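Q:
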Amino acid sequence: MSINYLPPSGEVITPEELRIFKAREVVCALKRLPFVRLLECRRIADQIQAEVVVFETEVEIGQINVHDIYRDERIAVIFDPADKMAPEVLALRDNFPRVPHLNLREQEFPRSLCLFEERYSELKLRWTAPRFIERIREWLTLTAKGKLHGEYQPLEPLLMGSPWQLVVPFDLFSNNSLEVPELLTIQPIDGGNNRITLIAERIESKSRDPNKPTYVATAIQCSPQTHGIIYKQPKNLLELHEFTTKARVDLLEELRKCLRDWQINKPHMDILDAKLIVILALPKTRGATSTVEVTDIWAFLSVNTIKEIGEEIGIWETKDGELGTLLEIDQTKQGNNVVILLLKPTYSFSRDIAIQLNGLSQREGRRIVAIGLGALGSQVFMNLIRMGYGEWTLIDEDYFLPHNLARHALPGFAVGYPKSEALAFIANELVKGEPIATGVVEDILNPKSTEKIQDTFREADVILDFSTSIAVARHLARDIDLSARRISMFLNPSGSDAVMLAEGATRDTTLDYLEMQYYRHLINNPAFEQHLRRSDTRIRYSNSCRDISSTIPQDLVALHAAICSRAMRTTLLDENCSIIIWQADTSDLSVKCNRVYPELIIKQKIGDWMLCTDQWLVNKIYNARADKLPNETGGVLVGSFDMQRKIVYVLDTLPSPPDSKEWPTVYIRGCQGLMMRMNEIHQITLGMLEYVGEWHSHPDDCGCWPSEDDRKAFMWLAENMIADGFPPLMLITGDRSQYAWYLGQML
C-alpha cells in the first residue's frame, strides 16, 4: 500500500544547526528513545524563524481499531523561537483521518494534534522532551482505540461555533406565565478580542435609548416535551418552524402576528431595520407523564432585517422603497431563505443574591496590585474596598459570564465586560471621590503592553496573587525584581480550606519556596493528606474542554474571603513571612487555623542550575546520619524541578528503606515501601513534589568528596534522570555539618 506524506515547511538543516533549545532537546531524545526515529530538521525562512523536527514513531495498535491510525506515523513538530506557543504537532500523512482532539487550522491538512488541555504556560514548568514525545505516541495509540476522548467530555463540535453569548433575563419564562411573544431589546457588549456578549432586556426595564435598537427578539414558550426531541440544528426559518411544530407551536403564524404588530405600532422607530432573534423555551420531561424538570433555552439569530423577514414569510412587499402590506398572507413564502445562526443562550443571574456588607473604615494608602479576580479574589477585594483599604490596580484577562455570578462579587450588569475593569468601576462607584481602583485587561505571562505591566509593579507596595496559577505565582516570585511583598491566597479544590503564602518585608524567602514548604507540610501531616483532593462534582457550563466550573458553595467562598481579608491586613503589619492554612468544618463552619513557620531559603548556584533548600532538610539528614553511625546511610530526595528557570527545589527525604545495606564504608539503598510512599506524595501534592535525587552519608573524618563507588552510583543516577529529561542530583554528607551537592555532573 502506497503512503503519501505532505512535505513539512522550511528548508532542511542539520540537527547541529538548530537554535531553539526545545527543538535540540527533542532531537537528543529521539536519538536515544525506542520506537521513534529522527528523519530531518528544518527552519522556516520567515520573520519568526520557527524550527521543525520531523520523525517517525511506532504506534501501539490493536487488531481492531476505531480510527485509521497506522502502525508507523510521520510527525512534524514546529517550535516557536520565543517559546510563547506550544510546539505544534502535525501528522504528515496526507490521508490522516478526522478524529477527536484536532486543532483548527486554516488548511485541513496536515492535521494538527491537540495533545493537552492545560495552558502552555503551565505545561512549560514540567515540560521535557521525553515526556513530550511519549505524549504524542500515547495520543496516537488512544486515538486508534477510540479512548482518547473522556467518558464525561462533551463531543467536539462538527462546525466552528459563534463566539457570541446571548444572555436572557433569568425569569424570562418563570411560572409559565409569559405572554408570547415578548418583545426584547438586545444590547451587544463588545469586550474585545472577538468576544461579544448580547444582553437581552425587557423594554420596560431598559436604560439605554429604546429608539435605536440593534436587535429585537420574540420569546416563544413551547409545550413540554419528552426528553430528546431535538433531531438536528435548524439552518433557516422554515426548518425552525418545522421543529417548533413538533412542540405544538406555529412559529410562522406567531412571527407574522408579531411583525405586523411591530409594523403598525412601531415600538421602536427603526424596528424594521433591526435584526431578529428568536428565543425558544423548551420545557423537558423525563417521560410522557412526568412533570417538567428543566427548561432549555435556545436562541437563533437571523442575518436578515425585520423588513426582509416580512417579505420572506409573505406579509408585505417592497416596491420603489415603500412597504406594502398584503391583503392575504402569501403561504408559499415560508422563510426558507431566512438564514439563522445558533447562539449560546444562558440565563442572567438573579439580583436577589445578597452581599454581606461590612462597616466602612478609613482608607489605607498602600498601593496594591491584585492578579486574578475570580471568586475568592473578587470577594476579598470588595471586602477591603468596603473598608476603604488600599489603592488598587486589578489585573485579569478573563471576561465575566453568568455562571460566575454564583460566587463572584460582580453583579449581573457586568456580564460581558472584563472582570478587572468591571470591579474597578464598581469600587470607584462605591467609594466616591478620586478613583481607588484601576482595571487592567492583561495576561501578565504574555502581556500586550509589557511597559504598562512593569510600571504597575514598579509602583506597588504589595502584590496579591489570587490567580490559582502556579505559573503566575512562579513568575511573580522569580521574574519581577522589585521590593514589593508578594502574597498568594487560594482555596483548596473542595473549598473547605484556604491558604495564604506571604513573603516577609525583606523578601528573604520568596513566594516559590513558601509554596514548596507548604507542600512539605502536607506530606508530613496526616491531617492534610486529603487537603488537595479534587472534587468529582464539577459542572461543564459550555462546549470547550476547559469550560468547567467547580461546585464549591458560595458560603464557603464568602467565609474564606472574610478570613483572607483580615489576614492580609494583619500580615502587612508584620514584617515576617508566613504560611497559614485555615480548615473549615463544613458541618458547623468552625475554622481551625494552622500556622507553618517558614524556613529561610538556602540557595546554591551549580552550573546552569539554582538549587534551593533549607536548614530543616539539612538537620533532618544530619539526624538520620547520626542515628546510623558508625554505618553509612542515605535515602531519596523529594522536591520539584522548574525546567523553565532551571531551579531544583529539595524539600524532604524519606527514611532509608528497611532492605537497605548499611555498613561502615558502604551504603546500598533498598526499595521496600519506597514506590508506595512516592505515589502517596504524588497524590497528596497533585504531582507537585516528586523524586529529585539521592543522598548518602560518609563516615567521620572522610569528608564529602565522592568515592569511585559514588561516581558509579552517580552515573547510574544520571542515566535514569536524563531519560526523563531531568539532571541527576546527589547529596553527600560528612561530619562537622559538612555536605556537598552534585547536580548535573560530578567533578
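In our numbering, each number is its position in the sequence shown, counted from 1, plus 47.
No residue lacks a Cβ here, since even glycine has one placed at the ideal position from N, Cα and C.
In this text the structure is predicted, and so the values were computed from the model without any measurement.
1) Indicate, with yes or no, if the ligand COA has a heavy atom lying under 7 Å from the CB of G686.
2) Under the assumption that L619 contacts R413 (Cβ atoms under 8 Å), give the Cβ distance between them as a whole number of angstroms.
3) At a cut of 8 Å, does the segment 450-461 reach the segment 632-639 through at least three beta carbon pairs?
4) Taking Cβ positions, are L118 and I111 nearer each other than 8 Å?
5) By the 10 Å Cβ neighbour count, where 16 or more other Cβ atoms means buried, how is F761 classified, buried or exposed?
6) Provide the residue span of the alpha helix (DSSP H) that contains D757, from first to last.
7) Which residues in the same chain have their Cβ closer than 6 Å to the Cβ of I67, if we skip the five residues on either side of it in sequence?
8) On the criterion of 16 or more Cβ atoms from any shown chain inside 10 Å, does S224 qualify as buried, or is it exposed?
9) Taking the runs of the alpha helix (DSSP H) that are 4 residues or longer, which of them lie wholly in the segment 533-587?
10) For T188, count neighbouring Cβ atoms within 10 angstroms of its own Cβ and tell me buried if that reaches 16, exposed if not.
11) Where does R454 sit, in a helix, a strand or coil, going by DSSP?
12) Can you confirm whether the segment 344-352 touches the segment 365-380 when touching is taken to mean that 3 or more C-beta pairs between the two stretches lie within less than 8 Å?
13) The alpha helix (DSSP H) with M429 in it runs from where to where?
14) Let me know the alpha helix (DSSP H) ranges lying completely inside the segment 607-683, each 4 residues or longer, listed in chain order.
15) Cutting at 6 Å between CB atoms, please list the residues of its own chain near V385, excluding the five before and the five after it.
16) If you draw a straight line from the alpha carbon of E562 to that of G791, how long is it in whole angstroms?
17) Taking T332 and V339 to be in contact with their CB atoms under 8 Å, please state how far apart those CB atoms are, rounded to whole angstroms.
18) Take D490 and list the residues in its own chain whose beta-carbon comes closer than 6 Å to its own, dropping the five residues that flank it on each side.
19) Would you say G459 lies against chain C (beta-carbon separation less than 8 Å)?
20) Apply the 10 Å Cβ neighbour rule to I432 and answer buried if 16 or more other Cβ atoms are within range, or exposed otherwise.
21) Pull up the distance between the alpha-carbon of Q234 and that of L213, whole angstroms please.
22) With distances taken between CB atoms, is the gap from Y852 to A328 smaller than 8 Å?
23) Note down the Cα distance separating S589 from Y446, rounded to an integer number of angstroms.
24) Here's the rule I'm using: 16 or more other beta-carbon atoms within 10 Å means buried, otherwise exposed. How should A70 be labelled?
25) Assuming contact is defined by CB atoms lying nearer than 8 Å, are R166 and S159 in contact in what I supplied?
26) Let me know if E248 comes out buried or exposed under the rule of 16 or more other beta-carbons within 10 Å of its beta-carbon.
27) Can you round the beta-carbon distance between D544 and I628 to whole angstroms, since I take them to be within the 8 Å contact cut?
28) Do you know offhand how far Q651's Cα is from V697's?
29) Output the residue ranges of the beta strand (DSSP E) runs that lie fully inside the segment 110-150 and measure 3 residues or longer, sorted by chain position.
30) Could you pull out every residue in the same chain whose Cβ sits closer than 7 Å to the Cβ of Q719, ignoring the five residues on either side in sequence?
31) Is L420 near L470, with beta carbons less than 8 Å apart?
32) When the Cα of Q36 is compared with those of G437, C305, S337, which residue comes out closest?
33) If L298 and L287 are in contact, beta carbons under 8 Å, what's the gap, nearest whole angstrom?
34) Return the chain-ordered list of same chain residues with a C-beta closer than 6 Å to the C-beta of D237, the five sequence neighbours on each side being excluded.
35) Can you tell me the Cβ-Cβ gap for L172 and Q501, rounded? I've got them flagged as a contact below 8 Å.
A: In short, the structure shows the following:
1) Because no ligand of any kind appears in the structure shown, any question about the ligand COA cannot be addressed here.
2) 7 Å
3) no
4) Per the sequence shown, residue 118 should be read as Arg rather than Leu. No, Cβ-Cβ distance for R118 and I111 is not below 8 Å.
5) buried
6) 755-770
7) E98, F126, P128
8) Low per-residue confidence applies at S224: pLDDT is 38, beneath 50, and the placement is therefore not dependable, though the value from the model is reported in the following sentence. That one is exposed.
9) 558-570
10) buried
11) coil
12) no
13) 422-433
14) 662-675
15) N283, L284, S349, N351, I356, E359
16) 24 Å
17) 6 Å
18) E444
19) The chain inventory of the structure shown lacks chain C, comprising one protein chain alone.
20) buried
21) 10 Å
22) The structure shown does not extend to residue 852, since the chain is modelled only from 48 through 794, so no value can be given for it.
23) In this prediction, S589 has a pLDDT of 41, which is less than 50 and means its spatial position is unreliable; nothing more can be read from the coordinates.
24) buried
25) no
26) buried
27) 6 Å
28) 11 Å
29) 119-126, 135-138
30) P704, P705, D706
31) yes
32) Missing from the structure shown is residue 36; the chain here goes from 48 to 794 and no further.
33) 6 Å
34) I243
35) That belief does not hold up - the Cβ atoms of L172 and Q501 are roughly 23 Å apart, past 8 Å.
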